[in-house]
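**Q** Residue numbers (UniProt numbering), protein chains in the order written: chain R, 1 to 378; chain C, 1 to 378.
Glycine included, every Cβ here is placed at the ideal spot set by N, Cα and C.
Have a look at this one.
There are 2 protein chains.
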Amino acid sequence: MEHMDARTAIGLGAASGPARIAGPGEAIGPDEAALAGRNHGLPLEALRYDITPPGLHYVLTHYDIPPGDSHAWRLTVGGLVEEPLSLDVAALRSFPTVTHRVTMECAGNGRGLLDPRPVSQPWLDGGVGTADWTGVPLHILLAVAGVRPGAAEVVFTGADHGVERGVEQDYQRSLPMAAAMAGDPEVLVAYAMNGSPLPPQHGYPLRLIVPGWYGMASVKWLRAIEVSAVPFEGYHQASSYVFRRSEDDPGTPLTRIRPRALMVPPGFPDFMSRTRVVRSGPVFLTGRAWSGHAPVASVEISSDDGRTWHEADLDAPGRHHWAWRSWRTVWTAAPGLHTLGVRATDTHGNTQPLRPEWNTGGYGNNAVQRVPVVCLDE
Amino acid sequence: MEHMDARTAIGLGAASGPARIAGPGEAIGPDEAALAGRNHGLPLEALRYDITPPGLHYVLTHYDIPPGDSHAWRLTVGGLVEEPLSLDVAALRSFPTVTHRVTMECAGNGRGLLDPRPVSQPWLDGGVGTADWTGVPLHILLAVAGVRPGAAEVVFTGADHGVERGVEQDYQRSLPMAAAMAGDPEVLVAYAMNGSPLPPQHGYPLRLIVPGWYGMASVKWLRAIEVSAVPFEGYHQASSYVFRRSEDDPGTPLTRIRPRALMVPPGFPDFMSRTRVVRSGPVFLTGRAWSGHAPVASVEISSDDGRTWHEADLDAPGRHHWAWRSWRTVWTAAPGLHTLGVRATDTHGNTQPLRPEWNTGGYGNNAVQRVPVVCLDE
Numbered sequence: 001m002e003h004m005d006a007r008t009a010i011g012l013g014a015a016s017g018p019a020r021i022a023g024p025g026e027a028i029g030p031d032e033a034a035l036a037g038r039n040h041g042l043p044l045e046a047l048r049y050d051i052t053p054p055g056l057h058y059v060l061t062h063y064d065i066p067p068g069d070s071h072a073w074r075l076t077v078g079g080l081v082e083e084p085l086s087l088d089v090a091a092l093r094s095f096p097t098v099t100h101r102v103t104m105e106c107a108g109n110g111r112g113l114l115d116p117r118p119v120s121q122p123w124l125d126g127g128v129g130t131a132d133w134t135g136v137p138l139h140i141l142l143a144v145a146g147v148r149p150g151a152a153e154v155v156f157t158g159a160d161h162g163v164e165r166g167v168e169q170d171y172q173r174s175l176p177m178a179a180a181m182a183g184d185p186e187v188l189v190a191y192a193m194n195g196s197p198l199p200p201q202h203g204y205p206l207r208l209i210v211p212g213w214y215g216m217a218s219v220k221w222l223r224a225i226e227v228s229a230v231p232f233e234g235y236h237q238a239s240s241y242v243f244r245r246s247e248d249d250p251g252t253p254l255t256r257i258r259p260r261a262l263m264v265p266p267g268f269p270d271f272m273s274r275t276r277v278v279r280s281g282p283v284f285l286t287g288r289a290w291s292g293h294a295p296v297a298s299v300e301i302s303s304d305d306g307r308t309w310h311e312a313d314l315d316a317p318g319r320h321h322w323a324w325r326s327w328r329t330v331w332t333a334a335p336g337l338h339t340l341g342v343r344a345t346d347t348h349g350n351t352q353p354l355r356p357e358w359n360t361g362g363y364g365n366n367a368v369q370r371v372p373v374v375c376l377d378e
Numbered sequence: 001m002e003h004m005d006a007r008t009a010i011g012l013g014a015a016s017g018p019a020r021i022a023g024p025g026e027a028i029g030p031d032e033a034a035l036a037g038r039n040h041g042l043p044l045e046a047l048r049y050d051i052t053p054p055g056l057h058y059v060l061t062h063y064d065i066p067p068g069d070s071h072a073w074r075l076t077v078g079g080l081v082e083e084p085l086s087l088d089v090a091a092l093r094s095f096p097t098v099t100h101r102v103t104m105e106c107a108g109n110g111r112g113l114l115d116p117r118p119v120s121q122p123w124l125d126g127g128v129g130t131a132d133w134t135g136v137p138l139h140i141l142l143a144v145a146g147v148r149p150g151a152a153e154v155v156f157t158g159a160d161h162g163v164e165r166g167v168e169q170d171y172q173r174s175l176p177m178a179a180a181m182a183g184d185p186e187v188l189v190a191y192a193m194n195g196s197p198l199p200p201q202h203g204y205p206l207r208l209i210v211p212g213w214y215g216m217a218s219v220k221w222l223r224a225i226e227v228s229a230v231p232f233e234g235y236h237q238a239s240s241y242v243f244r245r246s247e248d249d250p251g252t253p254l255t256r257i258r259p260r261a262l263m264v265p266p267g268f269p270d271f272m273s274r275t276r277v278v279r280s281g282p283v284f285l286t287g288r289a290w291s292g293h294a295p296v297a298s299v300e301i302s303s304d305d306g307r308t309w310h311e312a313d314l315d316a317p318g319r320h321h322w323a324w325r326s327w328r329t330v331w332t333a334a335p336g337l338h339t340l341g342v343r344a345t346d347t348h349g350n351t352q353p354l355r356p357e358w359n360t361g362g363y364g365n366n367a368v369q370r371v372p373v374v375c376l377d378e
């Protein structure tokens with residue numbers, strides 16, 4: 001029998017367990033409640049704003065919000081480049097800048113509606129928001145640094161540090177060279193949101209913005225950009241943010257946002273059930289629709305829980321290709337209980353399912369929103 | 001046997017149930033998750049900021065955030081007054097204004113830690129924030145309108161409308177005349193937060209600010225102020241926001257904020273468990289402390305789950321009587337599992353219990369924060 005040290009070493013496992021799927025009927029636990037208390041979604045009535053005001057745009061922070069000192073901050077550009085860069089915020093802002101209006105959605109939006117539920121941030125519908133992001137196109141920074149032959153990917157490192165499923169890490173993600181260098185969607189190193197410096201929770205002082213992709217790609221508190229000859233295999237690239245039907249499925253990495261439409265819930269709510277109350281007669285319905293794959297082609301409404309549908313009026317496409325579009329219609333409410341729904345279809349034919357497509361991480365659930373409404377008998 | 005109409009009338013009860021206490025071991029349900037997804041607490045690392053940046057200050061909205069049009073908005077001052085007022089935002093801003101730095105805490109902060117848990121917004125520790133609020137002292141508006149003899153209370157009505165436990169209502173609260181007319185704490189009709197117009201979720205364009213009181217008193221989206229000869233008996237005055245040990249306890253209304261200290265959790269977190277990880281040696285601990293009853297007199301720290309305590313260094317009181325104060329100390333971490341705690345005591349001798357004081361609404365739980373920490377063996 002081998003000698004065992006009486007003193008048991010204490011390691012990261014004491015803080016960090018493996019990924020877990022909730023048991024049948026298992027309700028939300030204290031760990032999920034702690035995440036839900038820190039992070040927040042868009043209150044759906046805020047779909048009324050073209051640009052989501054600060055504090056209403058969804059936020060998902062993996063670890064702590066780092067204390068960002070914009071004077072001391074340095075962004076490095078290195079790896080497989082001719083001339084590595086180290087830029088302070090002022091130096092970054094001296095490059096040509098652009099502003100893009102972008103609808104960003106959390107890859108886990110809708111996770112809390114899956115059954116069984118992967119245990120993580122228990123989003124319902126609200127993990128979304130739209131902002132004007134101002135910054136320097138990534139392809140300009142890469143051109144200045146000079147990408148050398150053999151480059152396969154660009155790896156982005158944030159200043160947020162923590163442990164996840166036993167792995168201590170800074171938050172890191174990569175993009176293939178083609179996506180990093182693209183002109184549309186154009187990836188930005190952003191320093192402003194809606195014309196003001198980034199709020200701390202949105203990446204102050206610098207973050208990546210990848211229009212059309214789920215939010216995990218838009219690395220916050222960006223401190224390093226590294227051009228690499230090999231595919232990045234870090235935790236948030238290879239372990240998380242992958243669609244897997246089961247634990248042994250090699251899976252498909254998450255990239256672009258699936259189509260979704262959401263409505264401003266009509267009438268007024270009950271505080272606790274969030275069920276909506278309307279009075280009979282015409283009820284104006286409006287909301288937003290988006291897709292990271294292609295322009296939205298149509299938005300349809302159902303007032304009978306998805307059995308029948310009719311088309312809503314959709315705003316003409318504008319100059320903001322990667323932002324949500326408005327839609328509107330009128331529903332004639334009759335006394336009783338109703339379940340409203342709305343679904344978007346894009347020009348590539350991608351649409352929304354009535355029931356979620358289950359996966360182990362609880363990602364990309366774009367099943368049709370269900371809005372229970374009581375129409376009063378008066 | 002009486003005749004029954006075959007057609008059953010549908011009323012608010014179809015949307016709205018009675019208050020409920022969770023069963024033994026009952027985890028958080030979809031209704032609580034919906035509230036937790038809309039509302040959010042202060043991520044505790046944001047205790048580092050004297051003034052909480054927009055989007056990090058806690059938010060609790062009962063119904064929907066109303067669409068506030070600052071041009072069309074009118075605030076009326078009426079009831080038992082000589083000369084009723086109807087003010088637009090510009091007219092309000094023509095009165096003398098002041099700025100007060102105020103720490104605001106939700107009355108339900110800590111509810112999610114009660115056992116059994118009253119079913120509502122499942123706050124853990126984060127229902128708090130500090131802001132600079134600019135506005136017109138309420139006593140000036142009341143003096144201009146001229147309070148008539150016999151006034152007992154002032155009733156405040158917000159534009160947020162919904163149903164709660166079966167009652168359809170605008171959000172309304174009252175203050176006794178003495179509190180409404182006081183010079184310290186001075187109640188404000190505020191139009192700015194941290195020097196900018198109020199964000200929608202914080203009451204745009206106008207809200208009440210009652211320094212030192214739990215947040216329910218600071219009515220958002222304020223549209224009417226009415227001086228009344230009789231005590232207000234509305235839902236949010238007489239039914240909710242009352243400490244009751246049981247349903248038949250007449251109870252005590254909530255007013256001022258109980259003392260509390262919170263720490264910036266040290267080291268770095270595990271994503272899912274939120275357990276903190278540190279390495280052995282000196283660990284700097286810091287945070288904030290406040291009380292709505294009296295100045296904070298001392299802050300103490302425990303590293304053994306409340307068995308022993310030592311005093312932290314507390315900032316001298318400044319000119320912001322109703323804002324939190326900083327504290328700091330150093331803890332020498334040794335490998336193993338630890339539970340840190342911090343408690344505040346005010347100059348009136350009010351302090352924090354180790355275990356919560358249970359009440360049916362889950363209000364005012366200022367039990368000591370518990371921060372599990374793993375100190376690694378390396």
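Around the Cβ of C/L262, are there at least 16 other Cβ atoms within 10 angstroms (buried) or fewer (exposed)?
**A** Reading the second sequence from its first residue, position 262 is the one you call residue 262 of chain C. That one is buried.
**Q** Going by beta carbon distance, what residues of the same chain come within less than 7 Å of C/V147, once the five residues before and after it are set aside?
**A** Along the second sequence, one-based indexing puts residue 147 of chain C at 147. Around C/V147: L80, V81, V227.
**Q** Since R/Q369 sits in a beta bridge, which residues does DSSP pair it with?
**A** In the first sequence, counting from the first residue as 1, residue 369 of chain R sits at position 369. In the DSSP output, where bridge partners are listed per residue, R/Q369 has R/V342.
**Q** Just how far apart, CA to CA, sit C/S70 and C/Y204?
**A** Within the second sequence, numbered from 1, the residue matching residue 70 of chain C stands at position 70. Within the second sequence, numbered from 1, the residue matching residue 204 of chain C stands at position 204. Approximately 8 Å between the Cα atoms of the pair.
**Q** Does the beta-carbon of R/G351 have 16 or more other beta-carbons within 10 angstroms, so that it is buried, or is it exposed?
**A** Against the first sequence, residue 351 of chain R aligns to sequence position 351. Reading the sequence as shown, one finds Thr at residue 351 of chain R and not Gly. So R/T351 counts as buried.
**Q** Based on the DSSP output, what are the partners of C/I28 in its beta bridges?
**A** Reading the second sequence from its first residue, position 28 is the one you call residue 28 of chain C. Answer is R/I28.
**Q** Rounded C-beta distance between R/G126 and R/L44? I'm assuming under 8 Å.
**A** Here residue 126 of chain R corresponds to residue number 126 of the first sequence, with the count starting at 1. Here residue 44 of chain R corresponds to residue number 44 of the first sequence, with the count starting at 1. The pair is a contact, with the Cβ atoms about 6 Å apart (cut-off 8 Å).
**Q** Do you know whose CA, among R/G195, R/G41, R/S218, R/L198, lies nearest R/Q172's CA?
**A** For the purposes of this step, residue 172 of chain R is taken as residue 172 along the first sequence, with counting starting at 1. For R/Q172, the nearest C-alpha among the options comes from R/S218.
**Q** Using DSSP bridges, identify the partner residues of R/V98.
**A** Indexing the first sequence from 1 puts residue 98 of chain R at position 98. Note: R/V98 sits in a beta bridge opposite R/G135.
**Q** With respect to the beta strand (DSSP E) encompassing C/L222, which residues constitute its N-terminal and C-terminal limits?
**A** Mapped onto the second sequence, residue 222 of chain C falls at position 222. First-last of the beta strand (DSSP E) with C/L222: 222 to 228.
**Q** Sorted by chain position, which residues of the same chain lie with C-beta nearer than 6 Å to R/D315's C-beta, five sequence neighbours on each side aside?
**A** Within the first sequence, residue 315 of chain R is the residue found at index 315, counting from 1. Around R/D315: R325, S326.
**Q** Hey, is C/T275's beta-carbon within less than 8 Å of any beta-carbon in chain R?
**A** As a first step, residue 275 of chain C must be located in the second sequence, where it is residue number 275. It does: the Cβ of C/T275 has a partner Cβ on chain R nearer than 8 Å.
**Q** As a quick exercise: from C/L114, C/D132, C/I225, pick the residue whose alpha carbon is nearest that of C/A145.
**A** By 1-based counting over the second sequence, the position of residue 145 of chain C is 145. The candidate whose alpha carbon is nearest that of C/A145 is C/I225.
**Q** Looking at the C-beta of R/D377, does it have a partner C-beta in chain C at a distance below 8 Å?
**A** The sequence position of residue 377 of chain R within the first sequence is 377, counting from 1. Yes - at least one Cβ of chain C is within 8 Å of the one on R/D377.
**Q** Going by alpha carbons, who is nearest to R/I21 out of R/R244, R/A297, R/L188?
**A** The residue you call residue 21 of chain R lines up with position 21 of the first sequence. Per the Cα distances, R/R244.
**Q** Along the beta strand (DSSP E) that carries C/L75, what are the first and last residues, could you check?
**A** As a working note, residue 75 of chain C is residue 75 in the second sequence. C/L75 -> beta strand (DSSP E) spans 75 to 79.
**Q** Using CA coordinates, which residue listed in C/V242, C/A333, C/W133, C/W213 is at the minimum distance from C/T52?
**A** Position 52 of the second sequence, counted from the first residue, corresponds to residue 52 of chain C. The option with the nearest alpha carbon to C/T52 is C/W133.
**Q** Please determine, among R/G135, R/E153, R/R117, the residue with the shortest C-alpha to C-alpha distance to R/L92.
**A** Here the question's residue 92 of chain R lines up with position 92 in the first sequence. Checked all of R/G135, R/E153, R/R117; the closest Cα to R/L92 is R/G135.
**Q** Starting from C/V167, follow the beta strand (DSSP E) in both directions and report where the run begins and ends.
**A** Taking the first residue of the second sequence as position 1, residue 167 of chain C is located at position 167. Unbroken beta strand (DSSP E) run through C/V167: 167 to 176.
**Q** List the residues of chain C whose Cβ lies closer than 8 Å to the Cβ of R/W123, in chain order.
**A** For the purposes of this step, residue 123 of chain R is taken as residue 123 along the first sequence, with counting starting at 1. Residues of chain C passing the Cβ test: G37.
**Q** Distance, Cα to Cα, C/E247 vs C/A19?
**A** Translated into positions along the second sequence, residue 247 of chain C becomes position 247. Translated into positions along the second sequence, residue 19 of chain C becomes position 19. So the alpha carbons of these two residues sit roughly 10 Å apart.
**Q** Quick check on DSSP: helix, strand or coil for R/L262?
**A** Residue 262 of chain R sits at position 262 when you count from the first residue of the first sequence. DSSP places R/L262 in strand when its eight states are reduced to three.
**Q** So which residues of chain C does R/Q201 contact, with C-beta pairs closer than 9 Å?
**A** Mapped onto the first sequence, residue 201 of chain R falls at position 201. The answer, in chain order, is P43, A46, P53, G55, L56.
**Q** Could you name the residues of chain D that C/H62 contacts, counting a contact when the two beta carbons are closer than 7 Å?
**A** The structure shown contains no chain D; the protein chains it does contain are R and C.
**Q** To the nearest angstrom, how far is the alpha carbon of C/H236 from that of R/P269?
**A** As a first step, residue 236 of chain C is located in the second sequence; it is residue number 236 there, counting from the start. As a first step, residue 269 of chain R is located in the first sequence; it is residue number 269 there, counting from the start. Cα-Cα distance, rounded: 16 Å.
**Q** Considering C/L92, what are the terminal residues of the alpha helix (DSSP H) in which it resides?
**A** Translated into the one-based positions of the second sequence, residue 92 of chain C becomes position 92. Segment 89 to 93, the alpha helix (DSSP H) holding C/L92.
**Q** Within the 8 Å Cβ cut-off, does C/A367 reach chain R?
**A** Translated into the one-based positions of the second sequence, residue 367 of chain C becomes position 367. No, C/A367 does not count as interfacial toward chain R.
**Q** Can a CB atom of chain R be found closer than 8 Å to the CB of C/P67?
**A** If you number the second sequence from 1, residue 67 of chain C lands on position 67. Taking Cβ atoms only, chain R reaches closer than 8 Å to C/P67, which makes this a yes.
**Q** Using C-beta distances below 6 Å, list every residue in its chain close to C/H293, excluding the 5 sequence neighbours before and after it, in chain order.
**A** Start at 1 with the first residue of the second sequence, and residue 293 of chain C comes out as number 293. The answer, listed in chain order, is R256, D346, H348, N350.
**Q** Against chain R, with Cβ distances strictly below 8 Å, would C/G126 count as a contact?
**A** As a first step, residue 126 of chain C is located in the second sequence; it is residue number 126 there, counting from the start. Output row for C/G126: interface = yes.
**Q** Taking only beta-carbon atoms, is R/G162 less than 8 Å away from chain C?
**A** By 1-based counting over the first sequence, the position of residue 162 of chain R is 162. Closer than 8 Å: yes.
**Q** Who are the near neighbours of R/T275 in its chain, counting only those whose CB is closer than 8 Å to its CB and skipping five residues on each side?
**A** Indexing the first sequence from 1 puts residue 275 of chain R at position 275. Contacts found: P269, P372, V373, V374.
**Q** Who are the near neighbours of C/Q169 in its chain, counting only those whose CB is closer than 6 Å to its CB and skipping five residues on each side?
**A** On the second sequence, residue 169 of chain C is found 169 positions in, with the first residue counted as 1. Only Y235 meet the Cβ criterion.
**Q** Anything in chain C within Cβ reach of R/S120, meaning under 9 Å, just list it in chain order.
**A** Numbered from its first residue, the first sequence carries residue 120 of chain R at position 120. The contacting residues are F271, M272.
**Q** Is the number of C-beta pairs between the segment 48 to 62 of chain R and the segment 287 to 303 of chain C that are closer than 8 Å three or more?
**A** No, the segment 48 to 62 of chain R does not touch the segment 287 to 303 of chain C.
**Q** Go ahead and pull the three-state DSSP assignment for R/R207.
**A** Residue numbering aside, residue 207 of chain R sits at position 207 when the first sequence is read from its first letter. Here R/R207 sits in strand by DSSP.
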